[in-house]
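Visitor: This is the structure, below, for whatever I ask next.
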Amino acid sequence: MSPKQQRGTETADRLLSTALDVFAMSGQDGFTVHAVTSASGISLGSLYHHFGSFDGLAAALYSKCMSQLFDALIAALTRTRTARTGIRALVATYLRFTQENPAAARFIHASAYAGYVSAHASQINAAKAPQLEAVAGWLRPHIASGELVDLPEPLIEVLLIGPVAETARRWLSGMPGLDIGQAARVLPERVWQSLRN
Numbered sequence: 011m012s013p014k015q016q017r018g019t020e021t022a023d024r025l026l027s028t029a030l031d032v033f034a035m036s037g038q039d040g041f042t043v044h045a046v047t048s049a050s051g052i053s054l055g056s057l058y059h060h061f062g063s064f065d066g067l068a069a070a071l072y073s074k075c076m077s078q079l080f081d082a083l084i085a086a087l088t089r090t091r092t093a094r095t096g097i098r099a100l101v102a103t104y105l106r107f108t109q110e111n112p113a114a115a116r117f118i119h120a121s122a123y124a125g126y127v128s129a130h131a132s133q134i135n136a137a138k139a140p141q142l143e144a145v146a147g148w149l150r151p152h153i154a155s156g157e158l159v160d161l162p163e164p165l166i167e168v169l170l171i172g173p174v175a176e177t178a179r180r181w182l183s184g185m186p187g188l189d190i191g192q193a194a195r196v197l198p199e200r201v202w203q204s205l206r207n
């Protein structure tokens, strides 16, 4: 990589890191192009050069946060041998990721219905595809063997991630009475029971 390319990569990384910091400190309302350029010391022109627009930066940040979550999930799966331990590991890892990376988890959940996600859906989906395939590739043999319920993959995803994502979203919003530690003890087995054949 040439020095110019390295500087470009460092600038893009700094913009992404600063954008997450701004979002963590100021929330959705304070997550603005002005706030990110001011906090990073990087010009608006440079932001546009690297990401095309502020929405492009937000979409890239969403992809980065999702990639970090998937990396954790896939790493957890590779340490399991059975359908039960794999499903339980996915649930526990998602909740642990939320606790350990609240800014990234909050950005993922806040982005669910954001315009930048739909505007950049093709790039986001292309970035996510290999990681989604890794998880699906782990699930398929367990479905074929009869250990997991034989449903269309989107429905398996809903049963697997739906309760966990909703728990994370509520915990991140500060919902009273929701103990994420208790959820981490209870949900892995409950989700496994919903998916076992």
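Taking this note's numbering, the leading residue of the sequence shown gets 11, the next gets one more, and so forth.
Yeah, the Cβ is synthetic: ideal placement off N, Cα and C, and Gly gets one too.
What you are looking at is a predicted structure, and each value in this text was computed from that prediction instead of being measured.
#1: Which whole-angstrom value describes the C-beta separation of Gln133 and Ala69, a residue pair presumed to lie in contact below a C-beta threshold of 8 Å?
#2: Whose C-beta lies closer than 6 Å to the C-beta of Leu169 among residues of the same chain, with five residues either side of it excluded?
#3: Decide if Pro13 is buried, meaning its Cβ has at least 16 other Cβ atoms within 10 Å, or exposed.
#4: For Leu158, list the residues DSSP reports as bridge partners.
#5: Ignoring anything shorter than 3 residues or poking outside the stretch 114 to 187, list the beta strand (DSSP E) runs there in chain order.
#6: Between the Cα of Ala144 and the Cα atoms of Ser50, Ser77, Gln38, Ala45, which residue gives the shortest distance?
#7: Let me check understanding here. Comparing Cα to Cα, which of Gln16, Ser53, Gln15 lies closest to Thr28?
#8: Assuming Leu57 and Thr47 form a contact by the criterion Cβ under 8 Å, report the distance between their Cβ atoms to the nearest whole angstrom.
#9: Name the residue from Gly156, Ala194, Gly37 whose alpha carbon lies nearest to the alpha carbon of Ala114.
#10: List in chain order: all unbroken alpha helix (DSSP H) runs of 4+ residues lying wholly within the stretch 70 to 117.
#11: Taking Ser56 as part of the alpha helix (DSSP H), name the residues at either end of that continuous run.
#12: Mapping the DSSP letters down to three states, classify Thr21 as helix, strand or coil.
#13: What is the DSSP secondary structure of Met11, counted as helix, strand or coil?
#14: With three or more beta-carbon pairs closer than 8 Å as the criterion, would you say the stretch 107 to 122 touches the stretch 15 to 35?
#15: Given this structure, state the Cα-to-Cα distance separating Ala93 from Ile84, to the nearest angstrom.
#16: Which class does Asp31 belong to by DSSP, given the choice of helix, strand or coil?
#17: For the putative contact between Ile258 and Leu142, defined by C-beta atoms under 8 Å, what is the C-beta separation to the nearest angstrom?
Guide: With the given structure in hand:
#1: With a Cβ gap of about 7 Å, Gln133 and Ala69 count as contacting.
#2: Ser204, Leu205
#3: exposed
#4: Arg206
#5: none
#6: Ser77
#7: Ser53
#8: 6 Å
#9: Shortest Cα-Cα distance from Ala114 to any of Gly156, Ala194, Gly37 involves Gly37.
#10: Fully enclosed alpha helix (DSSP H) runs of 4 or longer: 93 to 110.
#11: 54 to 61
#12: helix
#13: Met11 falls in the coil class under three-state DSSP.
#14: The stretch 107 to 122 is in contact with the stretch 15 to 35.
#15: 14 Å
#16: helix
#17: Because residue 258 is not part of the residues shown, which for the chain are 11 to 207, the question remains open.
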